[in-house]
Amino acid sequence: MKKIFTVSVALLTYVLSIAQPPSVPATAGSSFGEKVTADKAITIDQLQSLLLSKNEGSRKADVKIKGVVTDVCTMEGCWIKVQSPDGKMMVKMKDHQFAVPVALNGKTVVIAGEAEEKITSVEQLKHFAMDAGKSKEEIAAIKEAKKEIVIDAKGVLVL
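Counted the way mature numbering (1 follows the signal peptide of the UniProt record, and there is no 0) counts, the sequence shown spans residues -19 to -1, 1 to 140.
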């Protein structure tokens, strides 16, 4: 039993140590995850209005949005943030089924997925800050959960 545990821990450590975002270009037309087209993509302002028109507790919608990437997970490429009127909106790659390159930072993209208003815990916010390479002081300064719109992306298209 002890050997199985030791081997499991070693294997997990190895897998985590090699997990990185893909090192591919993020040029116009590049696609990650499911194929996405730009037709009928809405703005983040329109997304916020759409979700606010729904009843509290059921603020979900399948959407296709257009936005500018402001941050990319440097550990695995498993999330991005896009510019929104309220700051930055979190976009997670659905079930870690695909990753995006760090080169996506600053690019305009179309994201297809499910948007939902959620409360992100302090623990999760600290985890995202660590993935983004924030300093220990910045991470320690996170003291409150955050109500925000989060998208589980099925696919991303670079414009």
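C-beta: ideal position from N, C-alpha, C; glycine also.
Where the alpha helix (DSSP H) containing phenylalanine 13 begins and where it ends: Locating residue 13 in the sequence shown gives position 32, counting from the first residue. Counting along the chain, phenylalanine 13 falls outside any alpha helix (DSSP H), though it belongs to the beta strand (DSSP E) covering 12 to 14.
Identify whether valine 83 lies in helix, strand or coil by the three-state DSSP scheme. Here residue 83 refers to the residue found at position 102 when the sequence shown is read from its first residue. If DSSP states are grouped into helix, strand and coil, valine 83 belongs with the helices.
Following a CB-centred definition, is methionine 56 positioned closer than 7 angstroms to any heavy atom of the ligand NAP? Here there are no bound small molecules, and the ligand NAP is not part of this structure.
Straight-line CA distance for residue 163 to isoleucine 130? Any answer about residue 163 is impossible in this case: the structure gives the chain only from -19 up to 140.
For aspartate 67, does the count of other Cβ atoms within 10 angstroms reach 16, so buried, or fall short, so exposed? Indexing the sequence shown from 1 puts residue 67 at position 86. Per the 10 Å Cβ criterion, exposed.
For lysine 35, which option in Thr18, Glu98, Ser11 has the closest C-alpha, if you only look at C-alpha atoms? To locate residue 35, count along the sequence shown from 1; it is residue 54. For lysine 35, the nearest C-alpha among the options comes from Glu98.
Please go through the stretch 15 to 45 and give each complete alpha helix (DSSP H) segment of 4 or more residues, from N-terminal end onward. 25 to 33
Where does lysine 69 fall in DSSP's three states? Position 88 of the sequence shown, counted from the first residue, corresponds to residue 69. Lysine 69 falls in the strand class under three-state DSSP.
Whole angstroms is fine: what's the gap from tyrosine -6's alpha carbon to lysine 117's? Counting from one through the sequence shown, the residue named residue -6 turns up at place 14. Counting from one through the sequence shown, the residue named residue 117 turns up at place 136. Because tyrosine -6 sits at a pLDDT of 43, beneath the cut-off of 50, its placement in the model cannot be relied upon, and the point is left open.
Could you round the C-beta distance between lysine 47 and valine 91 to whole angstroms and report it? I think they count as a contact, below 8 angstroms. Taking the sequence shown and counting its residues from 1, the one referred to as residue 47 is at position 66. Taking the sequence shown and counting its residues from 1, the one referred to as residue 91 is at position 110. The pair is a contact, with the Cβ atoms about 5 angstroms apart (cut-off 8 angstroms).
Taking glycine 87 as the reference, which of Glu119, Val53, Trp60 has the closest Cα? Start at 1 with the first residue of the sequence shown, and residue 87 comes out as number 106. When each option's Cα is compared against that of glycine 87, the closest is Val53.
Return yes when the Cβ of valine 103 is within less than 8 angstroms of the Cβ of isoleucine 120, no when it is not. Taking the sequence shown and counting its residues from 1, one reaches residue 120 at position 139. Taking the sequence shown and counting its residues from 1, one reaches residue 103 at position 122. Contact flag unset, no.
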